[in-house]
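Q:
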Amino acid sequence: MTEVRKMYTDRWFKDDKQFNEIYPAYIRALASRHWTPLVVAQKAAAFLAVDKGSKILDIGSGAGKFCLAAAWYQPTCSFFGIEQRKDLIRQAEIAKELLCIDNAFFLHGNFTKVDFDQYDHFYFYNSFYENLAWAEKIDYALEYSHNLYRYYNFNLRKMLADRPDGTRLVTYHSMEDEVPESYQIVGMQLDGLLKFWVKAPER
Ligand SMILES: C[S@@+](CC[C@H](N)C(=O)[O-])C[C@H]1O[C@@H](n2cnc3c(N)ncnc32)[C@H](O)[C@@H]1O
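Quick note on the UniProt record's numbering: the sequence shown kicks off at 1 and runs consecutively.
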């Protein structure tokens with residue numbers, strides 16, 4: 001990236017208000033509830049980017065804010081997002097282009113179909129919460145149910161449990177329904193909203 005390009009991209013990362021301007025108004029309006037704040041992305045990315053070349057998956061990547069910010073803060077790692085809403089993938093791709101970021105990638109689909117073997121570490125911002133009756137929704141284009149909430153948590157817990165020891169996970173605003181017992185908390189910040197986990201050997 002040229003010096004001029006870098007200066008241009010740096011400006012977007014001044015603060016959340018500035019970053020969110022990269023999105024159209026309807027995506028910006030969802031930011032405070034649904035997209036990771038920059039300070040959280042920076043802390044989470046620093047923990048997950050433990051080795052150069054690590055591949056990190058954001059489970060439910062929305063408009064791409066976590067992946068794009070993490071990719072900017074940790075340029076030696078690659079950040080992947082899986083997202084069920086196609087329009088959000090499109091917004092993530094547009095933002096990626098504007099930011100000239102080349103180490104973030106977005107996949108459209110359901111995380112249950114993703115091969116977790118392709119990734120080293122994981123980020124999760126309470127993606128299934130929308131399924132709870134009282135939760136604020138991103139939109140009303142999908143069906144929501146408590147059964148789906150339970151089904152997704154069951155699957156993610158199993159997929160994470162199958163990862164090798166040493167796998168890192170960051171959760172933000174999690175109720176921990178998706179975290180297997182084999183993961184231990186090794187750090188906590190922001191009054192416990194942000195948790196850092198490592199998979200330990202089964203006892
Ligand atoms: C709280 S938002 C977080 C977005 C992004 N991780 C960030 O922090 O900027 C959760 C996202 O997960 C997505 N999601 C929920 N369930 C999903 C599933 N089963 N498969 C893929 N994406 C899912 C939602 O559509 C939503 O965009």
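Just so it is clear, CB atoms sit at the ideal spot from N, CA and C, and this is done for glycine as well.
(1) How is the alpha helix (DSSP H) around residue 72 delimited, first residue to last?
(2) Mind listing which residues have their beta carbon within less than 6 Å of any non-hydrogen atom of ligand 1? Chain order is fine.
(3) Indicate the three-state DSSP secondary structure (helix, strand or coil) for residue 188 in the structure shown.
(4) Please report the residue range of the beta strand (DSSP E) in which residue 170 lies.
(5) Could you check the C-alpha separation between residue 138 and residue 53 for me, to the nearest Å?
(6) For residue 93 and residue 106, which I take to be in contact (beta-carbon distance under 8 Å), what is that distance rounded to the nearest angstrom?
(7) Among the residues of its own chain, which have a CB less than 6 Å from the CB of residue 69, if the five just before and after it don't count?
(8) Please return the same chain residues whose Cβ sits closer than 8 Å to the Cβ of residue 164, not counting the five positions on each side in sequence.
(9) Would you give the residue range spanned by the beta strand (DSSP E) that residue 198 belongs to?
(10) Taking 8 Å as the limit between beta carbons, can you name the residues of its chain near residue 186, skipping five residues before and five after?
(11) Between 190, 36, 152, which has its C-alpha nearest residue 277's C-alpha?
(12) Start and end of the alpha helix (DSSP H) containing residue 86?
(13) Between 160, 135, 126, 111, which has its C-alpha nearest residue 175's C-alpha?
A: If we stick to the structure as given:
(1) 65-73
(2) 34, 35, 36, 58, 60, 61, 62, 65, 66, 82, 83, 84, 85, 88, 110, 111, 125, 126, 127, 128, 138, 152
(3) strand
(4) It spans 168-172 - the beta strand (DSSP E) in which residue 170 sits, taken as one unbroken run.
(5) 33 Å
(6) 6 Å
(7) Contacts found: 38, 41.
(8) Cβ contact annotation for residue 164 (same chain, cutoff 8 Å, sequence separation greater than five): 199, in chain order.
(9) Residues 194-199.
(10) 196, 197, 198
(11) Because the chain is modelled from 1 through 203, residue 277 falls outside the range shown and cannot be assessed.
(12) 86-99
(13) 126
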